[in-house]
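Following: one structure in structure tokens, then a few remarks.
Numbering (this note's numbering), first residue to last: 154 to 216.
Listed below in structure tokens is the structure:
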């Protein structure tokens, strides 16, 4: 669970463009242990949710 939360935090901070070197080092260590797939999957999920939120907001504003 803690690893999943770390992946979500890493992807969220990457999406908004903020982060600390300490957390970046943790991310690289986790990527070397588990591979990049958790970050890829979470990144795709969060991107789809972001686009869906934007589309819903636009549709709400235009209706």
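Glycine is no exception: its CB is placed at the ideal position from the N, C-alpha and C atoms.
Computed from a predicted structure; not experimentally measured.
| request: Note down the Cα distance separating residue 216 from residue 165, rounded to an integer number of angstroms. | output: 30 Å
| said: Quick check: the Cα distance between residue 187 and residue 208, rounded to an integer number of angstroms? | reply: 34 Å
| request: Following the continuous alpha helix (DSSP H) through residue 211, name the residue where it begins and the one where it ends. | output: 190–215
| query | What number of angstroms, rounded off, separates the C-alpha of residue 171 from the C-alpha of residue 162? | reply | 11 Å
| task | Taking all protein chains shown into account, decide if residue 194 is buried (16 or more other Cβ within 10 angstroms of its Cβ) or exposed. | result | exposed
| How long is the line joining the alpha carbons of residue 196 and residue 167, rounded to whole angstroms? | 9 Å
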